[in-house]
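To keep things clear, I will list the structure first and then write my remarks on it.
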Amino acid sequence: MTFAPNWSYFQFTLPAKLKQVHKEAIYFSGFVILRNYVWLCYKTFVKVLRRVYLDNSATTPIDKEVLEAMMPYFCEDFGNASSIHFFGQRARAAVDRARHQVAELINAHPAEIVFTSGGTEANNLAIRGFVEANQQYGRHIITSQIEHPAVKEVCIDLESRGYEVTYLPVCSDGIIRLEDLKEAVRNDTILVTIMAANNEIGTIQPIEQIGNFITELRQRGQKIWFHTDAVQAVGKIPIDVEQIKCDLLSISAHKMYAPKGVGALYIRRSVRIRRQNIGGHQERERRGGTENVPGIVALGKACEIAKRDLPRSYFRLKSLRDKFESQLKERIPDIVFNGSRENRLPHISNITFCGALGEGLLINLDMHGIAVSTGSACSSGRVEPSPVLLALGRSETEARESLRFSFGKFNTEEDVDYVLEILPEAVKSLRHAASLYK
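First residue of the sequence shown? That's 206 in our numbering, and the numbers climb one at a time after it.
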């Protein structure tokens, strides 16, 4: 079936003053030409422009299974989970079921899961809530230079409140050195917070070795605990809280095909936390506020799907990324892959295109319907070079010439082929333009 717009909206009555036949003909012919031009542009746009979303590290579309699971809790089972009547108990049962689903994905006990408004709140509760509840044991925190702002900014704020923070450097592949961590630990160190995997370069940190080290210190009598921001890792790689021996672990729903505005924090049963949201006794008095039942149900369903599909999803994403990188290397000279080539998430590829600004490439790709990210942080209205890439030893110029491509489970081989068709020409044109100004 061919779609044609209704051009009746563009019809008009010829002005009475145009009485001459030849003037009427000219006026109408102009309208016909305009109509045909607009229709041609419409057909060209629809035919040529393909939409490819490769920014899944920023957020993901909602899985249809997740959407179907959460919909009844908007209109049918809409009760407040704290109410004791039928509607409230239906909502409570849904929240409890979701708590089990989240716990099963990371091998935790359901009572150790606290629902939050997202990964940022989970990180705030984990870090600020922990140190405030345990400051009698010390006021020193250890983190890394490449943490997400949801961790780094909390640490900076705590420094202004009298806490001391050590920011560990990373190697050129984005991985911290365990020796640096061991040297940084002091008698008053109470928390080590290291992300499970980086959101810009995909590098996976040695969190199992870190967990073992912290456990050994605690067995020797030191009061020290371990938090990991696993927002990018959960649902992409296996995460087992018993295996990595973490005490706190942050999760975000919208990174795993569930809606924005909901997350979770794993809190090991022996860990004391001071709640940051005061006003209710929800979540065993660890996080006040009425539960977002539809969002919590969605997160639970997303975790159930992730557990079910993880092996297949991992290899499929890795296959798409590897195809993209191998063919890109053949088609575009002078590119550098950032981060570890071995220890990384299956869906992230961060690339420096020497001689082509990342922002220019992003705009060019966007004009062709391709969504990617520079990985840059916006600060005071200015786009700054990525602190993560600078920490890897990249220059400011190299950091500005980088793009992050992050694949998702709804991407296809055809998407990769389309990007491989458009990207080389975009890089070539930008490099040529840059050479004219040298």
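Backbone N, C-alpha and C fix where the C-beta goes; we use that ideal spot for every residue, glycine too.
Quick one: give me the first and last residue of the alpha helix (DSSP H) that residue 339 is part of. In the sequence shown, the residue the question calls residue 339 occupies position 134. Note, residue 339: alpha helix (DSSP H), 324-339.
Does the distance from the CB of residue 263 to the CB of residue 591 come in under 8 angstroms? On the sequence shown, position 58 is the one that residue 263 refers to. On the sequence shown, position 386 is the one that residue 591 refers to. No, the pair does not count as a contact, with Cβ atoms beyond the cut-off.
Would you check if the distance between the CB atom of residue 283 and the CB atom of residue 292 is smaller than 8 angstroms? Position 78 of the sequence shown, counted from the start, is the residue given in the question as residue 283. Position 87 of the sequence shown, counted from the start, is the residue given in the question as residue 292. Going by C-beta atoms, residue 283 is nearer than 8 angstroms to residue 292.
Decide if residue 426 is buried, meaning its Cβ has at least 16 other Cβ atoms within 10 Å, or exposed. By 1-based counting over the sequence shown, the position of residue 426 is 221. When all chains shown are included, residue 426 counts as exposed.
Thinking C-beta only, is residue 397 closer than 8 angstroms to residue 381? For this step, residue 381 is matched to residue 176 along the sequence shown. For this step, residue 397 is matched to residue 192 along the sequence shown. Not a contact, by the Cβ cut-off of 8 angstroms.
Would you mind reading off the limits of the alpha helix (DSSP H) that contains residue 347? Here residue 347 is taken as the residue at index 142 of the sequence shown, counted from 1. Run containing residue 347: none in the alpha helix (DSSP H); it sits in the beta strand (DSSP E), 345-349.
Own chain residues within Cβ distance below 6 angstroms of residue 502, not counting five before or after: The residue given as residue 502 occupies position 297 in the sequence shown. Only 274, 275, 278, 299 and 303 meet the Cβ criterion.
Residue 515 - DSSP class collapsed to helix/strand/coil: Mapped onto the sequence shown, residue 515 falls at position 310. Reduced to three states, the DSSP call for residue 515 is helix.
Quick test of the definition: if touching needs 3 or more C-beta pairs under 8 angstroms, does the stretch 523-533 touch the stretch 616-629? yes
Same chain, Cβ closer than 6 angstroms to residue 554, five either side skipped, listed in chain order: As a working note, residue 554 is residue 349 in the sequence shown. Here the set comprises 526, 530 and 610.
Contained beta strand (DSSP E) runs [length at least 3] in the stretch 423-469, N- to C-terminal order: 430-434 and 453-457
In three-state DSSP terms, what is residue 536? Locating residue 536 in the sequence shown gives position 331, where the first residue counts as 1. Note: residue 536 maps to helix in three-state DSSP.
Bounding residues of the alpha helix (DSSP H) (the contiguous stretch that carries residue 403): Position 198 of the sequence shown, counted from the start, is the residue given in the question as residue 403. Careful: residue 403 lies outside any alpha helix (DSSP H) and carries neither H nor E.
Work out the CA separation of residue 630 and residue 617 for me, nearest whole Å. Counting from one through the sequence shown, the residue named residue 617 turns up at place 412. Counting from one through the sequence shown, the residue named residue 630 turns up at place 425. Whole-angstrom Cα-Cα distance: 21 angstroms.
Within 8 angstroms, strictly: CB atoms of residue 493 and residue 473: For the purposes of this step, residue 493 is taken as the residue at position 288 of the sequence shown. For the purposes of this step, residue 473 is taken as the residue at position 268 of the sequence shown. No. Outside cutoff.
Applying the 10 Å Cβ sphere with the 16-neighbour rule, what's the burial state of residue 599? Numbered from its first residue, the sequence shown carries residue 599 at position 394. Burial call: buried.
Assuming contact is defined by CB atoms lying nearer than 8 angstroms, are residue 321 and residue 355 in contact in what I supplied? The sequence position of residue 321 within the sequence shown is 116, counting from 1. The sequence position of residue 355 within the sequence shown is 150, counting from 1. Taking 8 angstroms as the Cβ cut-off, residue 321 and residue 355 do not qualify as a contacting pair.
Are the stretch 452-464 and the stretch 426-442 touching by the rule of at least three beta carbon pairs closer than 8 angstroms? yes
C-beta atoms of residue 444 and residue 311 nearer than 8 angstroms: The residue you call residue 444 lines up with position 239 of the sequence shown. The residue you call residue 311 lines up with position 106 of the sequence shown. Yes, they are a contact pair.
Terminal residues of the alpha helix (DSSP H) in which residue 548 lies: Start at 1 with the first residue of the sequence shown, and residue 548 comes out as number 343. First-last for residue 548: undefined, no H or E at that position.
Pick helix, strand or coil for residue 589, following the three-state DSSP scheme. Here residue 589 is taken as the residue at index 384 of the sequence shown, counted from 1. Residue state, collapsed to three classes: strand.
I'd like to confirm the pairing. Which residues does DSSP put opposite residue 368 in its beta bridges? Within the sequence shown, numbered from 1, the residue matching residue 368 stands at position 163. Answer is none; residue 368 lacks a bridge partner.
Contact between the stretch 346-354 and the stretch 364-376 is defined here as three or more beta-carbon pairs at a separation below 8 angstroms; is this criterion met? yes
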